[in-house]
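If you count the sequence shown from 1, position 46 lands on 50 in the working numbering, and the numbers rise without skipping. Since the structure comes first, as structure tokens, the remarks are kept for the end.
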Amino acid sequence: MARQTSQNESVWLVCYSPEKRMMLQQSQEKQFPVKIKSARISPNKRFSATDEYTISKKAKIMQKSLEFSYNNDPSNRYASVEDALKADLYQTVDVKVKVLHKSPLKDTLFQGNCTKCKTDVIVADHTNSAKLVLWEDVIDKVDSGKSYRFNNCKICIFDDHKYTNTNKFTKITEIEDI
Numbered sequence: 005m006a007r008q009t010s011q012n013e014s015v016w017l018v019c020y021s022p023e024k025r026m027m028l029q030q031s032q033e034k035q036f037p038v039k040i041k042s043a044r045i046s047p048n049k050r051f052s053a054t055d056e057y058t059i060s061k062k063a064k065i066m067q068k069s070l071e072f073s074y075n076n077d078p079s080n081r082y083a084s085v086e087d088a089l090k091a092d093l094y095q096t097v098d099v100k101v102k103v104l105h106k107s108p109l110k111d112t113l114f115q116g117n118c119t120k121c122k123t124d125v126i127v128a129d130h131t132n133s134a135k136l137v138l139w140e141d142v143i144d145k146v147d148s149g150k151s152y153r154f155n156n157c158k159i160c161i162f163d164d165h166k167y168t169n170t171n172k173f174t175k176i177t178e179i180e181d182i
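See the structure below:
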């Protein structure tokens with residue numbers, strides 16, 4: 005779960021304790037700020053571009069007042085294209101982009117006993133442009149010249165060039181032109 009740490013920033017928390025997780029979820033729903041003592045940076049994310057913390061069994065969660073207000077606008081979770089290209093490989097990102105070009109051809113790939121279709125699109129925002137690979141049924145949900153929110157995309161690399169990749173968990177929402 006993501007927790008806001010300042011007006012415009014948040015970190016990812018991992019909590020294995022059902023009781024503590026319930027407390028965190030309730031505080032988030034009611035917009036009560038909390039202080040967490042003894043949360044540690046996750047070992048597999050130490051050198052990652054994003055911070056992920058694990059809440060230990062001994063962690064203490066207590067109510068606290070903060071200098072900043074609760075930000076219920078989730079739009080700050082969207083990475084710019086520039087930031088997405090700087091993200092770690094296989095990291096999940098959400099982006100708001102405009103589709104500049106969509107290849108009219110679908111590439112067919114064979115994986116084991118099944119075939120999969122993909123197509124490449126060029127997307128951009130105010131910071132940069134990048135390749136975005138659309139897979140299977142997502143292909144027909146996207147058109148050139150329109151703007152979209154892509155949630156749960158993965159950062160991949162091919163020939164030393166990073167790109168954004170959709171997957172079965174990717175959600176696409178058409179938005180106003182950016």
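Backbone N, C-alpha and C define an ideal beta-carbon position, used for all residues, glycine too.
Rounded Cβ spacing between Val101 and Val85 (contact assumed at less than 8 Å): Residue 101 sits at position 97 when you count from the first residue of the sequence shown. Residue 85 sits at position 81 when you count from the first residue of the sequence shown. Confirmed, about 6 Å.
Contact under 9 Å by Cβ, Lys145 with Val125: Residue numbering aside, residue 145 sits at position 141 when the sequence shown is read from its first letter. Residue numbering aside, residue 125 sits at position 121 when the sequence shown is read from its first letter. Result no, Cβ atoms of Lys145 and Val125 do not sit closer than 9 Å.
Buried versus exposed, by CB contacts within 10 Å (16 or more), Leu109: Counting from 1 along the sequence shown, the entry for residue 109 is found at position 105. Counting Cβ neighbours within 10 Å, Leu109 comes out exposed, since fewer than 16 surround it.
Asn155 - partner residues in DSSP beta bridges: Numbered from its first residue, the sequence shown carries residue 155 at position 151. The partner list for Asn155 (beta bridge, DSSP) reads Lys175.
Host alpha helix (DSSP H) of Asp87 (start-end): In the sequence shown, residue 87 corresponds to position 83, counting from 1. Start and end: 85-90.
Straight-line Cα distance separating Lys62 from Thr131: Within the sequence shown, the letter at position 127 stands for residue 131. Within the sequence shown, the letter at position 58 stands for residue 62. Whole-angstrom Cα-Cα distance: 42 Å.
Span of the alpha helix (DSSP H) around Ser14: The residue given as residue 14 occupies position 10 in the sequence shown. Premise fails: Ser14 lies in the beta strand (DSSP E), 14-19, not in any alpha helix (DSSP H).
Every unbroken alpha helix (DSSP H) within the region 83-132, with a cutoff of 4 residues, ordered by chain: 85-90
Beta-carbon gap between Thr168 and Ala128 smaller than 9 Å: As a working mapping, residue 168 is identified with position 164 in the sequence shown. As a working mapping, residue 128 is identified with position 124 in the sequence shown. Cβ atoms of Thr168 and Ala128: not closer than 9 Å.
Alpha carbon of Lys24 to alpha carbon of Lys120, nearest angstrom: Position 20 of the sequence shown, counted from the first residue, corresponds to residue 24. Position 116 of the sequence shown, counted from the first residue, corresponds to residue 120. In a straight line, the C-alpha of Lys24 is about 42 Å away from that of Lys120.
Other residues of its chain near Asp111: CB distance less than 6 Å, five sequence neighbours each side excluded: Mapped onto the sequence shown, residue 111 falls at position 107. Correct list, in chain order: Lys122.
Run of the beta strand (DSSP E) containing Met27, from where it starts to where it stops: Working through the sequence shown from its first residue, we reach residue 27 at position 23. From DSSP, Met27 is part of no beta strand (DSSP E) but of the alpha helix (DSSP H) over 22-33.
Simplified DSSP assignment, three categories, for Glu71: The sequence position of residue 71 within the sequence shown is 67, counting from 1. Here Glu71 sits in coil by DSSP.
Alpha-carbon spacing of Ile161 relative to Leu138, whole angstroms: Residue numbering aside, residue 161 sits at position 157 when the sequence shown is read from its first letter. Residue numbering aside, residue 138 sits at position 134 when the sequence shown is read from its first letter. So the alpha carbons of these two residues sit roughly 15 Å apart.
Asp141 to Met5 span [Cα, whole Å]: If you number the sequence shown from 1, residue 141 lands on position 137. If you number the sequence shown from 1, residue 5 lands on position 1. Taking the straight line joining both Cα atoms gives about 28 Å.
Rounded separation between Arg153 and Pro22 - CA only: For this step, residue 153 is matched to residue 149 along the sequence shown. For this step, residue 22 is matched to residue 18 along the sequence shown. Roughly 32 Å separates the two Cα atoms.
Continuous beta strand (DSSP E) stretch holding Thr168: start and end: The residue you call residue 168 lines up with position 164 of the sequence shown. Thr168 -> beta strand (DSSP E) spans 165-169.
Check whether Ser46 and Pro37 have beta carbons under 9 Å apart: Mapped onto the sequence shown, residue 46 falls at position 42. Mapped onto the sequence shown, residue 37 falls at position 33. No, they are not a contact pair.
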